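Accompanying notes for the structure given below.
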Amino acid sequence: MTWLTDIILHSNNFSGVLPASFTAFKALSSISISNNRFTGTFPSPLLHHKGLGVLDLSNNSFSGSIPRELTELVNLIDINLSDNRFHGSISTGLFQLSVLISLQLANNFLSGGLPPFLSASSSLITLSLGGNGFAGPLPDFSLWNVSFTKLALNNNNFTGSIPDSISTLTTLEAIILNDNQLTGSIPAAIFNMTNLKYLYLANNNLSSKLPSDISRLGKLE
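In numbering that gives the first Met the number 0, the protein residues as written are 0 to 220.
Here it is as structure tokens:
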């Protein structure tokens, strides 16, 4: 049993704290325990698995902070901690894990701002931070050297305008910024993003007229 590589226990009625014996699985590369009733703080035994590639703890009742040591698991491809009770800020190192493709932290009690830049070493494609308490202005996205397809920052407390630089994320298929406190106009450059399929900006304080060439967003669904 110590050489188990994948533990998939999602969608059951497991509860309580994840046992410390999980450290015994020396070769663990994937764990999915989503949709259960686990409680307690982030399960520290998982931080011992340096080969871990997939970490899915979503839809449980974990609480406390997301440990900075998680950034030391450099083989992580997919992190999903959504729909828990985590709070506090998150380490910018999570955004910089070189092989991480998907970071999903939606519907917790996280706070703070977004990092001002992401290095070219970032492999992030999906960033989902909706339903938290993140605040402040949106960053200069031209300093985010990433190839996002999904950027979900909805239901937070972001303020200020939507920067023109969001159009530099040319691979985006979904921009989800609804339910914030954004002001100003929609950058005209958004309507030149030929890969964009989903544009959610509802429940902000945006103003001005829509451009006449909105039809250029031909992929919108």
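Note that CB positions come from ideal geometry on N, CA and C, so glycine has one too.
It should be emphasised that the depicted structure is a prediction, and the values quoted were computed from it without experimental measurement.
Contacts around residue 109, its chain only, beta-carbon distance under 8 Å, and the 5 residues preceding and following it disregarded: As a first step, residue 109 is located in the sequence shown; it is residue number 110 there, counting from the start. The answer, listed in chain order, is 65, 85, 86, 87, 88, 89, 128, 131, 132, 133.
Rounded distance between the beta-carbons of residue 170 and residue 146, thought under 8 Å: As a working mapping, residue 146 is identified with position 147 in the sequence shown. As a working mapping, residue 170 is identified with position 171 in the sequence shown. At roughly 5 Å, the Cβ-Cβ gap stays under 8 Å, so residue 146 and residue 170 are in contact.
Residue 19 Cβ short of 8 Å to the ligand PLP heavy atom set: No copy of the ligand PLP appears in this structure; indeed no ligand is present at all.
Span separating the alpha-carbon of residue 4 from that of residue 155: Taking the first residue of the sequence shown as position 1, residue 4 is located at position 5. Taking the first residue of the sequence shown as position 1, residue 155 is located at position 156. Cα to Cα, the separation comes out at about 36 Å.
Which listed residue (20, 19, 136, 80) has its alpha carbon closest to that of residue 180: Position 181 of the sequence shown holds residue 180. Comparing Cα-Cα distances from residue 180 to each of 20, 19, 136, 80, the minimum goes to 136.
Residue 19 classed as buried or exposed, judged by whether at least 16 other C-beta atoms fall within 10 angstroms: Mapped onto the sequence shown, residue 19 falls at position 20. Residue 19 is exposed by the Cβ-count criterion.
For residue 151 and residue 100, the rounded distance between their alpha carbons: Position 101 of the sequence shown, counted from the first residue, corresponds to residue 100. Position 152 of the sequence shown, counted from the first residue, corresponds to residue 151. Cα-Cα distance, rounded: 14 Å.
Cβ-Cβ distance between residue 41 and residue 14 below 9 Å: The sequence position of residue 41 within the sequence shown is 42, counting from 1. The sequence position of residue 14 within the sequence shown is 15, counting from 1. For the pair residue 41 and residue 14, the CB atoms are not nearer than the 9 Å cut-off.
6 Å CB neighbourhood of residue 21 in its chain, flanking five on each side removed: Numbered from its first residue, the sequence shown carries residue 21 at position 22. The answer, listed in chain order, is 44.
Assigned secondary structure, residue 76 (DSSP; H/G/I helix, E/B strand, else coil): Stepping through the sequence shown from its first residue, residue 76 is reached at position 77. In the structure shown, residue 76 sits in coil (DSSP, three-state: anything other than H, G, I, E or B).
3-residue-minimum beta strand (DSSP E) runs that sit fully inside the segment 29-102, ordered along the chain: 29-31, 36-40, 53-55, 60-63, 77-79, 84-87
Close-in-space but distant-in-sequence residues of the same chain around residue 51 (CB under 8 Å, 5 per side omitted): Here residue 51 corresponds to residue number 52 of the sequence shown, with the count starting at 1. Within the same chain, residue 51 has close Cβ partners 27, 28, 29, 30, 45, 72, 74, 75.
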